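Heads up, the thing below is written out as structure tokens.
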């Protein structure tokens, strides 16, 4: 992957992070103040969730700066996997915020203290929050998909969840006013906290794939095989391995060719295989192609194969 493309990716991630910090910072302050004034615990809980989004975006911004570092003898593949570690941290931060809200909501729900009706201003700030969060979610997800950033995609999902959370808060406020039952405010906060915890667990589990050197979209292997099979002079692709580094694919593979060709011809074949794969899969970090003579395919102990002399069990270890 070209260094210019990498720097451009980091710049886009940073811009998206700064936009999220500013937007969520304003929303969080507004909801916390209005929640305290109106007496709505659900709005305060929503404000705490927005405050956690500020922290999350700050982590993303710091991670983007770390990813700018060039490879060295300790980290020969660079620092792109810092993104996976950051995604883990984000999931734990979201889980912690949800857990805190859950305990507070349960405590408030079973409290013997008299409950007051929230003020109407709580509805206004919640509606504004829904609109702003939706725009932030669309922006984060769009940039995340464009750059292949799992951090931004996770943050976009988190903000999409925030829209659902704010809708729940709005529904709770509506029923509180219509039915004159302020207990709905605490029930809404309880449901919101459970939703946040569920989202955190899902992001945590999803980030395991990259840390375990896997791929989320296993159809990438068929694209690799199709690209290899379109090259005349090579056959039997095997020990194909693909893993993610900062949203890009690191691909390593073996193919067979005529053992009597020259080194220059073998090099040209390897280059053609690489060019075809890059044409089929734009999100490539690097490709390593190993050529070997026909009939010398070793027994596969890892990787994926299409056909050939490797045992069928290797196919299952995608």
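Numbering (our numbering), first residue to last: 465 to 782. Glycine is no exception: its CB is placed at the ideal position from the N, C-alpha and C atoms. From a predicted model like this one, the values you see are computed outputs, not experimental measurements.
Query                                                                                                                                                                                   : Result
On the CB-based measure, 16 or more other CB atoms within 10 Å of its CB, does residue 578 come out buried or exposed?                                                                  : With a pLDDT of 48 at residue 578, under the threshold of 50, the modelled position of that residue is not reliable, and the figure given next carries that caveat. By the neighbour-count rule (16 or more Cβ atoms within 10 Å), residue 578 is not buried but exposed.
With a 10 Å radius around its C-beta and 16 neighbouring C-beta atoms as the bar for buried, classify residue 623 as buried or exposed.                                                 : buried
What whole-angstrom Cβ distance do residue 524 and residue 550 have, given they're in contact under 8 angstroms?                                                                        : 6 angstroms
Please state whether DSSP places residue 473 in a helix, a strand or coil.                                                                                                              : helix
Mapping the DSSP letters down to three states, classify residue 754 as helix, strand or coil.                                                                                           : strand
Just checking, does the region 625-635 make contact with the region 509-516 on the three C-beta pairs under 8 angstroms criterion?                                                      : yes
At 4 residues or longer, and completely inside the region 672-703: list those alpha helix (DSSP H) runs for me, N to C.                                                                 : 684-693
Taking residue 769 as the reference, which of 689, 672, 501 and 527 has the closest Cα?                                                                                                 : 689
Rounded to a whole number of angstroms, what is the C-alpha to C-alpha distance between residue 527 and residue 547?                                                                    : 6 angstroms
Between the Cα of residue 766 and the Cα atoms of 509, 678, 745 and 749, which residue gives the shortest distance?                                                                     : 678
Under a three-way DSSP split, which group does residue 611 fall into?                                                                                                                   : helix
Within the same chain, show all residues whose beta-carbon is closer than 8 angstroms to that of residue 671, passing over the 5 residues directly before and after it, in chain order. : 548, 551, 552, 555, 614 and 618
Can you look up residue 721 in the DSSP assignment and give me helix, strand or coil?                                                                                                   : strand
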